[in-house]
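Colleague: Dropping a structure here in structure tokens format, bear with me for questions.
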Amino acid sequence: MIPEDLAANLKKEFPSNEEKIRFFTAPGRINIIGEHVDYAGGIVLPAAIDFSIRIAIRKNQTRKFRIYSVASKEKIEVESITYDPKHAWVNYVYGIVEEFRKLDFISDFFDLVVWGNIPQGAGLSSSAAFEVVVAFALSEIHNWNLSKEEIALLSQRAENHFVGVNCGIMDQFIISTAREGYCISLDTESLEYDFHKMDLEGCEFYLIDSKIKHSLKDSAYNERRKEVESAFQKIKRYKSSVKTLYQVELEDLENVSFGLSEIEKKRAKHVIGERLRTSKAIENLKNGNVQELGEILFECHSSLSKDYEVSCKETDFIVHELKMEEVLGARMIGGGFGGCVLVLDKVGRKNILFEK
Numbered sequence: 062m063i064p065e066d067l068a069a070n071l072k073k074e075f076p077s078n079e080e081k082i083r084f085f086t087a088p089g090r091i092n093i094i095g096e097h098v099d100y101a102g103g104i105v106l107p108a109a110i111d112f113s114i115r116i117a118i119r120k121n122q123t124r125k126f127r128i129y130s131v132a133s134k135e136k137i138e139v140e141s142i143t144y145d146p147k148h149a150w151v152n153y154v155y156g157i158v159e160e161f162r163k164l165d166f167i168s169d170f171f172d173l174v175v176w177g178n179i180p181q182g183a184g185l186s187s188s189a190a191f192e193v194v195v196a197f198a199l200s201e202i203h204n205w206n207l208s209k210e211e212i213a214l215l216s217q218r219a220e221n222h223f224v225g226v227n228c229g230i231m232d233q234f235i236i237s238t239a240r241e242g243y244c245i246s247l248d249t250e251s252l253e254y255d256f257h258k259m260d261l262e263g264c265e266f267y268l269i270d271s272k273i274k275h276s277l278k279d280s281a282y283n284e285r286r287k288e289v290e291s292a293f294q295k296i297k298r299y300k301s302s303v304k305t306l307y308q309v310e311l312e313d314l315e316n317v318s319f320g321l322s323e324i325e326k327k328r329a330k331h332v333i334g335e336r337l338r339t340s341k342a343i344e345n346l347k348n349g350n351v352q353e354l355g356e357i358l359f360e361c362h363s364s365l366s367k368d369y370e371v372s373c374k375e376t377d378f379i380v381h382e383l384k385m386e387e388v389l390g391a392r393m394i395g396g397g398f399g400g401c402v403l404v405l406d407k408v409g410r411k412n413i414l415f416e417k
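Residue numbers (this note's numbering): 62 to 417.
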């Protein structure tokens, strides 16, 4: 939707306001490798995509926050902010306003219209994009001048504290800092990051939507994080030098004195294995070795399915069929329990596969 259409929706739903309208956009994201490690201090390799969330916003004098979703055609008007169980989407806006308030940045009342083409529940971070675009917009219209990194951290806190999803920092960070044509390697413990040119030597990434929608709040996402944290705390009692589970070695998981359950061993095995896979993937991306990069994607999916148990039969089926068709690599992406499959293959093969 172009800015003129967003503005038309804003004027239609919330007339009698002559304040200046501003427009903002934020992209969705893929994560090439490093899945479910951003809350365990791991390194991730995400990139922005050309799907986005767009908003039109202006201050108002009504003493109400007035918000309209083009997709759901729902209009919300409130004088004060409380969690809304009936309209889940609006809590992302409320969470951002609340996190700014905690920093003593008190938002003026505003009119906001939102539209997006990021498929919801597909593992492409539509919620994080919504958070980031609202945070950036409020910072801009109030001249609060938050940095991209500060916007990312504030948006993560909104999802953790207000929405109730105990997510890591990856999604908000890549969406805030993205450059076209680049991915970033982000150390989620130190927040140090580097940009890497996406030079794939005649190959491309694309997505296949399983059409199985997920909600991280309602899925076992938070449960996985608790299992990872439990495993780490048990290990840390005996290895006080490690700061995150990501730093533990695979052989440590068999140390009976740690008292890990079989479930905790499986979850930790994925996190630690992902460290090794991510390191190799970054080197292969730098060297243009797409064949090896593809194999690592298949290995990652196997670990997510068998050890972390966040895949589903539909995404497992898609990855299996793609492997039979000899694509270079494929894996589920996002929080899991549905969503999209990321595919790496030679340019020109996509349409042939889809015809099959």
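In this text, a Cβ means the ideal position worked out from N, Cα and C, and glycines have one as well.
Model, not experiment: these values are computed from the prediction.
#1: Should the stretch 178 to 185 be regarded as contacting the stretch 392 to 408, the criterion being three or more beta carbon pairs within less than 8 Å?
#2: Under the rule that 16 or more other beta-carbon atoms within 10 Å means buried, what is residue 85, buried or exposed?
#3: Helix, strand or coil for residue 83? Go by DSSP, reduced to three states.
#4: Keeping to the same chain, check which residues put their C-beta closer than 6 Å to that of residue 69; ignore five residues upstream and five downstream.
#5: Go to residue 359, then tell me how far its alpha helix (DSSP H) extends in each direction, as first and last residue.
#6: Please state whether DSSP places residue 78 in a helix, a strand or coil.
#7: Going along the chain, which residues of its own chain have a beta-carbon closer than 7 Å to the beta-carbon of residue 360, five neighbours each way excluded?
#8: Is the stretch 90 to 101 in contact with the stretch 326 to 345, if contact means three or more CB pairs nearer than 8 Å?
#9: If we count the other Cβ atoms within 10 Å of its Cβ and call it buried at 16 or more, is residue 144 buried or exposed?
#10: Just to confirm the assignment, what range does the beta strand (DSSP E) spanning residue 109 have?
#11: Cβ of residue 156 within 8 Å of Cβ of residue 203?
#12: Below 7 Å CB to CB, which residues in the same chain sit around residue 179 once its five sequence neighbours on both sides are set aside?
#13: Here's the rule I'm using: 16 or more other beta-carbon atoms within 10 Å means buried, otherwise exposed. How should residue 215 be labelled?
#14: Below 8 Å, can you find three or more Cβ-Cβ pairs linking the stretch 308 to 324 to the stretch 227 to 234?
#15: Within 10 angstroms of its Cβ, does residue 245 collect 16 or more other Cβ (buried), or is it exposed?
Modeller: Answer, in terms of the structure:
#1: yes
#2: buried
#3: strand
#4: none
#5: 351 to 367
#6: coil
#7: 338
#8: yes
#9: exposed
#10: 107 to 120
#11: no
#12: 89, 112, 113, 114, 185, 187 and 190
#13: buried
#14: no
#15: buried
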